[in-house]
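>
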Amino acid sequence: MTTTREDFREILRLVRPGSRVLDVGCGEGALLDLLTHDKQVDGRGLEISASGVAACMARGLSVVQGDADQDLDHFPDKTFDYAILSQTLQATRQPRHVLAELLRIADRAIVSFPNFGHWRVRWSLLSRGRMPETKALPMPWWSTPNIHLCTLVDFLALTDDLNVRVDACAAFAGKGPARAIDPSSALENWRAETCLFMLSRHPQGEDAGQAAAREPPAVSGDLFDG
3 MTTTREDFRE ILRLVRPGSR VLDVGCGEGA LLDLLTHDKQ VDGRGLEISA
53 SGVAACMARG LSVVQGDADQ DLDHFPDKTF DYAILSQTLQ ATRQPRHVLA
103 ELLRIADRAI VSFPNFGHWR VRWSLLSRGR MPETKALPMP WWSTPNIHLC
153 TLVDFLALTD DLNVRVDACA AFAGKGPARA IDPSSALENW RAETCLFMLS
203 RHPQGEDAGQ AAAREPPAVS GDLFDG
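Under our numbering, the residues of the sequence shown are numbered 3 to 228, in order.
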């Protein structure tokens with residue numbers, strides 16, 4: 003099945019077949035539908051809009067209406083193998099809390115977001131002195147749902163603050179495919195228009211420094227080859 007978004011392609015590569023998946027902010031269910039048919043996942047969705055829920059139900063998907071900022075708290079620990087937040091984190095009121103909840107209810111979180119550190123964003127601010135409108139940020143400031151935009155560096159600092167492990171990271175720019183990156187590289191904060199992370203908690207009793215000394219973050223973009 004053909005996908006229209008490159009981050010969807012990358013998510014399909016990362017998710018194990020037959021996994022338990024929660025798609026948070028699933029919209030009209032395009033990604034959840036792909037995962038269900040291509041990877042045969044046991045998929046669930048959480049969507050804030052009634053129209054989105056209705057569209058998902060028309061596809062035969064199991065989706066409930068809810069707000070990520072509040073309703074993730076009601077899910078039991080480790081209910082899912084993956085919790086996915088695709089292009090939604092920047093629209094939440096409490097992104098730190100939402101990210102922490104994703105990794106409480108799932109073994110891994112897959113998160114994608116527009117990078118406000120991309121060179122086109124910086125150039126728009128520098129040359130025009132106005133909030134940018136780009137392919138990743140297509141709406142004017144007065145109508146965008148985004149309220150907590152961040153850069154790649156900002157997000158990486160948040161993962162450190164939450165003691166979260168980066169298992170894989172990919173970047174997107176323009177219409178090109180996913181490109182595996184080292185998120186700690188300063189150049190990537192300029193080059194990546196959109197970022198996608200797969201995250202997990204450190205093993206119990208291990209802090210971020212110990213994990214870094216033990217092994218570098220995976221940047222292959224696919225942990226399950228071979």
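Virtual Cβ for every residue (Gly too), placed ideally from N, Cα, C.
DSSP three-state label for Cys28, please.
Looking at Cys28 - three-state DSSP - the assignment turns out to be coil, as it is neither helix nor strand.
> Rounded to whole angstroms, how far is the Cβ of Gly20 from the Cβ of Gln42, which I believe are closer than 8 Å?
Yes, Gly20 and Gln42 are in contact; Cβ-Cβ is about 6 Å, under 8 Å.
> So, helix, strand or coil for Ala138, using DSSP?
Ala138: coil per DSSP, three-state reduction.
> With DSSP as the reference, label Gln89 as helix, strand or coil.
Looking at Gln89 - three-state DSSP - the assignment turns out to be coil, as it is neither helix nor strand.
> Enumerate in chain order the residues of its own chain whose CB-to-CB distance from Leu158 is below 8 Å, with the five nearest sequence positions on each side excluded.
Within the same chain, Leu158 has close Cβ partners Val168, Pro185, Ser186.
> I'd like the ranges of any beta strand (DSSP E) spanning at least 3 consecutive residues and lying wholly in the stretch 121–168.
Listed in chain order, there is nothing to give.
> Check Arg22 in the structure and name its three-state DSSP category.
The answer is strand: DSSP assigns Arg22 an E or B state.
> Return the first residue and the last residue of the beta strand (DSSP E) that Arg46 is part of.
Run containing Arg46: 44–49, per the beta strand (DSSP E) assignment.
> Under a three-way DSSP split, which group does Asp69 fall into?
In the structure shown, Asp69 sits in coil (DSSP, three-state: anything other than H, G, I, E or B).
> Looking at C-alpha atoms only, which residue of Asp79, Arg106, Leu48 is the closest neighbour of Arg203?
Out of Asp79, Arg106, Leu48, Arg106 has the C-alpha closest to the C-alpha of Arg203.
> Count the other C-beta atoms from every protein chain shown that fall within 10 angstroms of the C-beta of Ser114, then say buried if there are 16 or more, exposed otherwise.
Buried is the call here.
> For Val65, count neighbouring Cβ atoms within 10 angstroms of its own Cβ and tell me buried if that reaches 16, exposed if not.
Looking at its Cβ environment, which holds 16 or more other Cβ atoms inside 10 Å, Val65 is buried.
> For Pro116, name the three-state secondary structure that DSSP assigns.
Of the three classes helix, strand and coil, the one that applies to Pro116 here is strand, per DSSP.
> Apart from the five residues just before and just after Leu37, which ones in its own chain have a Cβ nearer than 8 Å to its Cβ?
So the list reads Ile13, Leu14, Val17, Val23, Asp25, Val43, Gly45, once near-sequence residues are dropped.
> Determine whether the Cβ of Asp73 lies closer than 9 Å to any Cβ atom of chain B.
Protein chain content of the structure displayed is limited to a single chain, and chain B is not contained in it.
> Is the distance from the Cβ of Ala170 to the Cβ of Gly119 below 9 Å?
It is not a contact, given that the beta carbons lie outside the stated cut-off.
> Quick one: is Arg110 buried, meaning 16 or more other Cβ sit within 10 Å of its Cβ, or exposed?
Classification for Arg110: buried.
> Ala70 and Thr90 - do their beta-carbons sit closer together than 9 Å?
For Thr90 and Ala70, yes; Cβs fall inside 9 Å.
> Pull the bridge partners of Cys171 from the DSSP assignment, please.
Beta-bridge pairing links Cys171 to Phe199.
> Take Gly31 and list the residues in its own chain whose beta-carbon comes closer than 7 Å to its own, dropping the five residues that flank it on each side.
These residues qualify, in order along the chain: Gly47, Ala57, Cys58, Arg61, Leu63, Val65.
> Going by DSSP in three states, Phe10 sits in which element: helix, strand or coil?
Residue state, collapsed to three classes: helix.
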